[in-house]
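Colleague: Going left to right, the sequence shown walks through residues 412 to 644 as our numbering numbers them. Supplied in structure tokens, the structure appears directly below.
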Amino acid sequence: MFNLTKNTYKFFLASILTGGLFIAGCGEDTIAPQGDNIEFSYVQSGDTVDNSGILLLDTVKILLKDIKLNVANSSDSSNSKVGPFVLYLDLNQVGGTNFIGSNLIPVGTYDKLNFEVHKLGDTETPPDPEFLDANGRYSVVVKGSYNGVRFIYKSDKSAKQKLTFPNSLVVTETSTNVTLRILPYLWFVNAATNEYMDPTDPANDGEIENNIKDNIKANFKAFKDADKNGQPD
């Protein structure tokens, strides 16, 4: 049994890559409707600082863990250790949202989506072999090119994130869609110059790592998106 505190409901992404189902639990004082009433989608952004093509990202893989959906105006939270799961972004894909999964959760009002960008622990089995190599274990794997030179950038940073919906998410018996928008290009922007950093230059590792750890919240946004056009309703 999942250990959930009162007025907090936690769902888990069973499989990001294959569009697995959420698993929902409920605390006291809840009424569970019949049939799936929540869908979850994501959309990646190819927005760049300029149009010169200096930095081009092809794919991004992110390990997520401990995904929580909080009831509005509640500070309660559960701490079950769940995951990690792989979120896969294809930056060459144009338009449209990508379906992740659906589930049944209690009717109510929700205001936050919490999760952790997670570096693999020493005893964890990687859900994707690219998150483990002879040099270590990772939380983020980025593939692309800088000035035409191919690169693979791997980060070992972990970061807990809390996304507040721009408007409270009201879940009823009918289906509601939530879209997660990700802008990974900003991880590689130098804050002082507003220009892209070379991911192959070790001198840039510190700032890129800190961008992933500290600024990742600015690159994740969660919102209600009933028509699934990748824009907040």
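In this text, a Cβ means the ideal position worked out from N, Cα and C, and glycines have one as well. A quick note: this is a predicted structure, and the numbers were derived from the prediction, not measured.
Once DSSP output is grouped into helix, strand and coil, what is the label at E618?
Modeller: Translated into the one-based positions of the sequence shown, residue 618 becomes position 207. Reduced to three states, the DSSP call for E618 is helix.
Colleague: Kindly confirm or deny that the stretch 578-588 and the stretch 528-537 touch, where touching means at least three C-beta pairs closer than 8 Å.
Modeller: Touching, no.
Colleague: Using 10 angstroms around the beta-carbon of V505, count the other beta-carbons present and answer buried if the total reaches 16, otherwise exposed.
Modeller: Reading the sequence shown from its first residue, position 94 is the one you call residue 505. Exposed, by the Cβ-count rule.
Colleague: From N621 to A614, what does the alpha carbon distance come to, in whole angstroms?
Modeller: The sequence position of residue 621 within the sequence shown is 210, counting from 1. The sequence position of residue 614 within the sequence shown is 203, counting from 1. Cα to Cα, the separation comes out at about 13 Å.
Colleague: Can you grab the Cα-Cα spacing for the pair F451 / P517, in whole Å?
Modeller: The count along the sequence shown starts at 1 and reaches residue 451 at position 40. The count along the sequence shown starts at 1 and reaches residue 517 at position 106. Looking at the two C-alpha atoms, the distance is approximately 15 Å.
Colleague: Any chance the stretch 508-515 sits against the stretch 569-577, with 3 or more Cβ pairs inside 8 Å?
Modeller: No, because fewer than three Cβ pairs between the stretch 508-515 and the stretch 569-577 fall closer than 8 Å, the two stretches do not touch.
Colleague: Would you give the residue range spanned by the beta strand (DSSP E) that D477 belongs to?
Modeller: As a first step, residue 477 is located in the sequence shown; it is residue number 66 there, counting from the start. Looking at the DSSP string, the run of the beta strand (DSSP E) that includes D477 is 466-482.
Colleague: Just mark S550 as buried or exposed, buried being the case when its beta carbon has 16 or more other beta carbons within 10 Å.
Modeller: Position 139 of the sequence shown holds residue 550. So S550 counts as buried.
Colleague: Please report the distance separating the alpha-carbon of F496 from that of K568.
Modeller: Your numbering for residue 496 matches position 85 in the sequence shown. Your numbering for residue 568 matches position 157 in the sequence shown. Distance between the alpha carbons of F496 and K568 is about 16 Å.
Colleague: Please tell me whether, using a cut-off of 8 Å, the distance from the CB of A633 to the nearest non-hydrogen atom of the ligand MG is below it.
Modeller: What this structure holds is no ligand at all, so the ligand MG is not there to describe.
Colleague: Pull the bridge partners of D501 from the DSSP assignment, please.
Modeller: Reading the sequence shown from its first residue, position 90 is the one you call residue 501. D501 pairs with T470.
Colleague: Pop quiz: L475 and L498 are said to be a contact at Cβ under 8 Å. What is the actual Cβ separation, rounded to whole angstroms?
Modeller: Counting from 1 along the sequence shown, the entry for residue 475 is found at position 64. Counting from 1 along the sequence shown, the entry for residue 498 is found at position 87. Right, their Cβ atoms sit about 6 Å apart.
Colleague: Whose CA, out of F634, L502, K479, lies closest to the CA of T587?
Modeller: Here the question's residue 587 lines up with position 176 in the sequence shown. The shortest C-alpha separation from T587 is found at F634.
Colleague: Drop a sphere of 10 angstroms on the beta-carbon of Q455, count the other beta-carbons inside from all chains shown, and report buried for 16 or more, exposed for fewer.
Modeller: On the sequence shown, position 44 is the one that residue 455 refers to. Answer is buried; the Cβ neighbour count reaches 16.
Colleague: Which residues share a DSSP beta bridge with T590?
Modeller: Locating residue 590 in the sequence shown gives position 179, where the first residue counts as 1. In the DSSP output, where bridge partners are listed per residue, T590 has S452, F634.
Colleague: Unbroken beta strand (DSSP E) runs of length 3 or more, entirely within the stretch 547-579: which are they?
Modeller: Runs of the beta strand (DSSP E) inside the stretch 547-579: 551-557, 560-566.
Colleague: Could you tell me how far apart the beta carbons of L480 and L524 are, in whole angstroms, since I believe they sit closer than 8 Å?
Modeller: For this step, residue 480 is matched to residue 69 along the sequence shown. For this step, residue 524 is matched to residue 113 along the sequence shown. Right, the Cβ-Cβ distance comes to about 6 Å (below 8 Å), so this counts as a contact.
Colleague: Can you give me the Cβ contacts of L591 inside the same chain, cut-off strictly under 6 Å, excluding the 5 residues immediately before and after it?
Modeller: For the purposes of this step, residue 591 is identified with residue 180 of the sequence shown, where counting begins at 1. Taken in chain order, the residues that qualify are Y453, A633.
Colleague: Can you tell me which residues form a DSSP beta bridge with L524?
Modeller: For this step, residue 524 is matched to residue 113 along the sequence shown. According to DSSP, which records beta bridges pairwise, L524 is partnered with L480, L574.
Colleague: Give me, in chain order, the residues of the same chain whose beta-carbon lies closer than 7 Å to that of N503; leave out the 5 immediate sequence neighbours on both sides.
Modeller: Numbered from its first residue, the sequence shown carries residue 503 at position 92. D469.
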